[in-house]
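Here the structure is laid out as structure tokens; the discussion comes afterwards.
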Amino acid sequence: MKTLTFFGPKYGTQVSLLSPNVVSKLPRLLLTSFARKPTKPVCVKTTDCDLVESKRTFNKFPRSDWGDHFLRLPFNVSDMDVLTIEMNALKPTIRKMLIYSQDVEETKERILIIDLLVALGMAYHFEDEIDDNLKHGFENIETTMAGENDLSTVSVMFWVFRTYGYNLCSDMFRRFKGEDGKFEECHTKDVKGLLSLYEAAQLGTSTEDILDEAMSFASSHLECLAGGTCPPHISRLIQNELYMPQHHNAEILFASEYILYYKQEDVHNKVLLEFAKLNFKFLQLHWIHELKILTKWWNDQDLLSKLPPYFRDRMVECHLYAVIYYFEPQYSFGRIMLTKLLVLLTVVDDTCDRYGSVPEVAKLLDCVERWDPELGESLPDYLKTVFKFTLDVFEDCERAGKSEEGLSFNVEGASAEFTILQRTHLNFAEWAAAEKVPTVEEYLEVGGVAVTMYATIALRLLGLGPKAREHGYEWLKSRPKLVHDLATKGRLMNDMGGFKDDIGRGFIANVVNYYMKEYGATEEETYKDFHKIVRDLEKSVNSEFLKINKGVPREILSRALNCGKMIDVTYRSGDGYTRPKGKFTEYIESLFVEHMDAPVMQYASSSTL
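Counting from 43, one number per residue, gives the positions in the sequence shown under the working numbering.
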């Protein structure tokens with residue numbers, strides 16, 4: 043079975059900023075999830091209603107390699123029924139592992155099991171049991187941690203509690219330091235301890251220097267161990283973690299790899315492993331079924347023949363994003379809607395950025411703001427198609443929502459954010475046409491709203507229940523700092539990943555370009571400064587999460603945090619969305635293609651305890 047390859051450059055260079063005030067200047071607005079990259083330049087002729095015919099140059103994108111691949115895959119609902127029966131048979135055994143007791147050692151063991159449930163992608167089955175254990179466990183945490191000197195156990199417990207919003211004090215790691223104030227050398231060969239410490243350090247805030255020290259200590263020794271005598275599966279895990287820590291990775295992408303690692307461990311829980319395989323197969327069948335529906339929908343839109351090939355054909359990639367946002371089976375309806383909306387965002391983004399003139403973008407914006415189908419008649423033919431597609435997608439979501447929920451399905455919150463997004467497209471188009479060079483702060487002020495942190499969070503809230511959805515919209519209206527920080531991280535990583543391609547096609551609206559001009563920095567210095575800013579933003583996100591997690595439902599917060607994971611998945615190695623060959627395609631294969639050849643009963647028949 044082919045597995046993912048996560049190898050890539052080390053991330054997060056620590057250097058001083060050229061300007062110490064840069065971080066404080068970053069505005070509280072939105073950032074991009076979609077970048078803009080070229081392939082083949084093409085010239086076409088288009089007629090504008092108000093302009094003379096002009097020769098237009100754009101970069102041609104090829105059609106998706108996936109085509110009708112998922113339509114051809116077999117799907118049988120009875121397979122899902124079999125998997126459900128097998129999982130239900132194992133659930134009582136796992137629940138017994140999570141029964142709360144006050145015994146200190148048993149408490150530690152249950153927290154370690156919770157860590158495994160998350161790593162294997164199956165924690166959502168046991169949310170009540172997990173919440174109960176963490177609530178009682180945190181109340182007695184001092185007693186539980188007293189005298190515990192195992193680096194892996196302490197680090198895992200810190201990671202679990204912080205991940206679920208409990209502000210466990212990082213001072214507990216001082217017990218692993220010597221009299222010289224440094225982490226003791228006796229831990230340098232403890233592979234699992236170092237891995238757990240490295241993950242724990244990812245959840246640090248700006249005031250926790252000890253976690254910065256822990257990250258430096260753990261990463262330097264893990265790099266040495268990865269190339270040493272570790273078993274291959276452990277070496278691979280180390281390399282994966284150094285490239286993309288679990289905290290920044292999508293939960294289900296991490297699980298797809300961790301299941302392969304866990305089954306190679308000499309000591310593993312057979313029940314948990316069996317359940318993890320059944321669960322992954324069950325989820326995969328859901329995603330495949332959704333892709334069959336979406337492929338037919340995308341073919342029916344026929345935009346590939348209605349529009350010039352200036353836009354990215356990324357329906358399958360959009361569904362990967364939807365799975366990252368919420369992978370659990372109960373969100374199948376939401377994933378389908380979100381995929382359609384993300385496809386729409388891509389088409390509109392590329393229309394405004396790669397093809398439309400400034401007057402055309404302004405006309406499209408006017409139509410979107412007024413949301414009147416009749417106004418579309420004044421648009422050029424290609425924009426009529428884009429505007430109609432916009433209206434159709436939102437109407438499709440609203441119509442489907444009424445059918446799904448049996449009540450009025452309000453998309454006003456999402457459509458409002460979508461309209462704000464279109465205003466920013468016009469700002470960028472005007473800048474590019476005028477060759478304006480704004481300050482970094484001004485660019486981020488506009489770019490923050492642009493492409494699409496608030497819009498995409500609003501869109502993905504459509505897949506939640508009515509109360510959660512409305513609560514989420516109200517939270518977004520307050521423009522929370524957590525979302526702002528994620529958005530700023532997204533813009534910086536997006537523009538770093540796309541800088542060379544942007545400049546190569548004459549698109550100057552890139553924060554790397556503006557930063558170099560404003561601060562007199564070289565490209566290398568700019569990247570170093572941005573990596574430092576990104577790390578500071580990640581610490582700020584961690585801090586904000588601990589502050590607000592009791593006031594904002596976890597169901598909503600997790601969607602916002604998953605946006606941050608999407609940023610890392612997309613831009614850790616360039617721009618995976620625009621150029622999906624390589625790692626991005628491997629992610630798709632790991633979730634939607636691999637394991638598919640294994641018959642269901644192969645899993646069902648192997649459930650020996």
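Glycine included, every Cβ here is placed at the ideal spot set by N, Cα and C.
The model shown is predicted, which means the values in this text are computed figures rather than measured ones.
Extent of the continuous alpha helix (DSSP H) run through lysine 382: Judged by DSSP secondary structure, lysine 382 falls within the alpha helix (DSSP H) whose first and last residues are 374-392.
According to DSSP, is leucine 73 helix, strand or coil? With a pLDDT of 30 at leucine 73, under the threshold of 50, the predicted position of this residue should be treated as unreliable, though the coordinate-derived value follows. DSSP places leucine 73 in coil when its eight states are reduced to three.
Going by the beta-carbon positions, is the gap between histidine 229 and glycine 223 smaller than 7 Å? no
Taking the Cβ atom as the reference point for each residue, do aspartate 544 and asparagine 552 lie within a distance shorter than 7 Å? yes
I need the straight-line Cα distance from serine 277 to alanine 364, nearest angstrom please. In this structure, the alpha-carbon of serine 277 lies about 31 Å from that of alanine 364.
For isoleucine 155, does the count of other Cβ atoms within 10 angstroms reach 16, so buried, or fall short, so exposed? buried
Is asparagine 130 buried or exposed, if buried means 16 or more other CB atoms sit within 10 Å of its CB? exposed
According to the Cβ coordinates, are glutamate 285 and alanine 161 closer than 7 Å? Position check: residue 285 holds tyrosine in this sequence, whereas glutamate was assumed. No.
Taking the continuous alpha helix (DSSP H) assigned at methionine 538, which residues delimit it? 523-546
Is arginine 736 helix, strand or coil by DSSP? The requested residue 736 does not occur in the structure, where the chain is confined to residues 43 to 651.
Report the three-state DSSP secondary structure of threonine 149 (helix, strand or coil). In this structure, threonine 149 counts as helix in the three-state DSSP scheme.
Pull the bridge partners of phenylalanine 225 from the DSSP assignment, please. Lys219
Where asparagine 604 falls, given that 16 or more other Cβ within 10 Å makes a residue buried: buried
Locate the alpha helix (DSSP H) running through arginine 502, then write down its first and last residues. 495-502
Use the C-beta contact count for glutamate 636: other C-beta atoms within 10 angstroms, 16 or more gives buried, fewer gives exposed. Residue environment analysis places glutamate 636 among the buried positions, since at least 16 neighbouring C-beta atoms fall within 10 angstroms of its C-beta.
Quick one: grab the DSSP three-state call for lysine 623. The answer is coil: DSSP assigns lysine 623 none of H, G, I, E or B.
Of the choices Lys338, Phe103, Gln372, Glu221, whose alpha-carbon is the least far from that of leucine 115? Lys338
Looking only at its own chain, which residues have a Cβ that is under 8 Å from the Cβ of glutamate 419, when we skip the five neighbours before and after it? Lys426
Contact defined as beta carbons within less than 8 Å: I believe tyrosine 629 pairs with arginine 356. What is the distance between those atoms, to the nearest angstrom? Contact doesn't hold; Cβ gap of about 13 Å is too wide.
Using alpha carbons as the reference points, say which of Asp414, Asp423, Pro371 lies closest to phenylalanine 436. Asp414
Looking only at C-alpha atoms, which of Ser106, Leu503, Thr481, Glu411 sits nearest to glycine 562? Thr481
Threonine 186: buried (16+ other C-beta within 10 angstroms of its C-beta) or exposed? buried
Is the beta carbon of glutamine 244 less than 7 Å from the beta carbon of proline 287? yes
Within the segment 289-335, ranges of the alpha helix (DSSP H) (whole runs, at least 4 residues): 293-304
Rounded to whole angstroms, what's the CA-CA distance from lysine 44 to valine 196? Just pull it up for me. Any reading at lysine 44 needs caution, since the residue's pLDDT is 31, under 50, leaving its predicted position unreliable; the model's value is listed next. In a straight line, the C-alpha of lysine 44 is about 34 Å away from that of valine 196.
Using DSSP with H/G/I as helix, E/B as strand and the rest coil, what is proline 274? helix
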